[in-house]
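Residue numbers (our numbering): 320 to 406.
A virtual CB, placed ideally from N, CA and C, is assigned to each residue, including glycine.
Because the structure is a prediction, the values reported are computed rather than measured.
A short worksheet on the structure shown next.
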Amino acid sequence: FILGTQKNQWRATIAHRFFELLHTKTDKLTRMYTQNIDGLDYQCTDIPKEKILNVHGKLCEAACEVCRTDVDFDDFCDSVESSIKNI
């Protein structure tokens, strides 16, 4: 799933696009709370990123669980792909 997210294998749904239209056509979208970690909301590029609130985080970022240092997501995915068998 992580590698599919990196490769943009998944697409935003009609529900995602509804919120995008709500913002662009009516400007009534103050905030969009999401429990999804797939990051598909960010494919709706007309919604400002500051309006998207990820309740459980998102998969398009990676960080060390110990020291919280950010890790480049592409490097992380490359490491997953090369280090874990049967992907």
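Residue i vs residue j beta-carbon contact at 7 Å
i, j, result
"ILE356", "HIS375", "yes"
"LEU359", "ALA331", "yes"
"MET351", "PHE337", "no"
Spatial distance of residue i from residue j (CA atoms)
i, j, result
"ASP346", "LEU340", "9 Å"
"LYS326", "THR353", "21 Å"
"ASN373", "GLN362", "14 Å"
"TRP329", "ASP397", "18 Å"
"LYS377", "ARG387", "15 Å"
"VAL385", "ILE403", "21 Å"
8 Å contact criterion, which residue i and residue j should meet: CB distance rounded
i, j, result
"CYS383", "THR324", "Actually they are not in contact, since the Cβ atoms of CYS383 and THR324 sit about 19 Å apart, beyond 8 Å."
"THR349", "ASP365", "Rounded, the Cβ-Cβ distance is 15 Å, inconsistent with contact."
"VAL399", "ILE321", "6 Å"
- Pairing CB atoms from the stretch 359–372 with CB atoms from the stretch 386–405, are three or more of them under 8 Å? Touching, no.
- Message: Quick check on the DSSP output: what are the complete alpha helix (DSSP H) runs of length 4 or more inside the stretch 324–365, in order along the chain?
- Response: 333–340
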